[in-house]
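Single-structure report; data block below.
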Ligand SMILES: [Cu+2]
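In the numbering used here, the protein residues as written are 1 to 159.
So, in structure tokens, the structure goes:
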């Protein structure tokens, strides 16, 4: 057997490993924005949500959801059939930590390139660096019933 033939299987194995590592890092890359998760205390979560809305509501509503303009930092978002609440107005270039809690069934949040699964009782925290302009897409990507395809939140970039 020549050297070439002897090393062919090794080369093939290496190539497969490299592809596998690439695939795995792609997969984890998609979830990188999910910085953390923690068990929800619903009462505490609602208190934080309510005080955020009370302090930073714009006074407008969008599809029966309050429009809120929170400062950079922690933002609490309620998720349920079939809405994300509140609607957000965020500043370009700033970093927000979206705390997402499902209140009924399993949903997910596809935010920009990231997607996090939202199981009731667990808060997922997504770090969002707001782009320069436009809107940030946020929608449910886990089938959750009749209104699933219309379960789209509103994150608008304001100047
Ligand atoms: Cu859904």
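We treat Cβ as the ideally placed atom computed from N, Cα and C, and that holds for glycine.
Since the structure is predicted, the reported quantities are computational estimates derived from the model, not experimental observations.
The beta carbons of residue 68 and residue 88 sit about 6 Å from each other, so the pair counts as a contact at 8 Å. Placement of the Cβ of residue 151 at a distance of less than 6 Å from at least one heavy atom of ligand 1 is found. Around the CB of residue 158, fewer than 16 other CB atoms lie within 10 Å, so the residue is classed as exposed. The shortest CA-to-CA distance from residue 130 to any of 73, 41 and 48 is the one to 73. Shown here for residue 135: same chain residues with a beta carbon closer than 7 Å to its own, the five before and five after excluded, namely 155, 156 and 157 in chain order. By the criterion of a C-beta distance shorter than 6 Å, residue 76 is surrounded in its chain by 48, 49, 52 and 99, once the five residues flanking it on both sides are discounted.
Annotated as distal: residue 107 and residue 83, with beta-carbon spacing of 7 Å or more. Annotation note: the region 76-136 contains the following uninterrupted beta strand (DSSP E) runs of length 3 or greater, listed N- to C-terminal: 83-85, 87-90, 95-102, 107-111, 114-118 and 122-129.
In chain order, 79, 118 and 120 place their CB closer than 6 Å to the CB of residue 102, counting only its own chain and leaving out the 5 sequence neighbours on each side. Contact check for residue 66 against residue 42 fails: the beta carbons are separated by 7 Å or more. Within the model, the alpha-carbon separation for residue 63 versus residue 90 is close to 18 Å.
Assignment of residue 55 by DSSP, reduced to helix, strand and coil, places it in the helix class.
The residue among 105, 123, 6 and 61 with its C-alpha nearest the C-alpha of residue 37 is 123. Using a 10 angstroms sphere on the CB of residue 146, the tally of other CB atoms stays under 16, which defines it as exposed.
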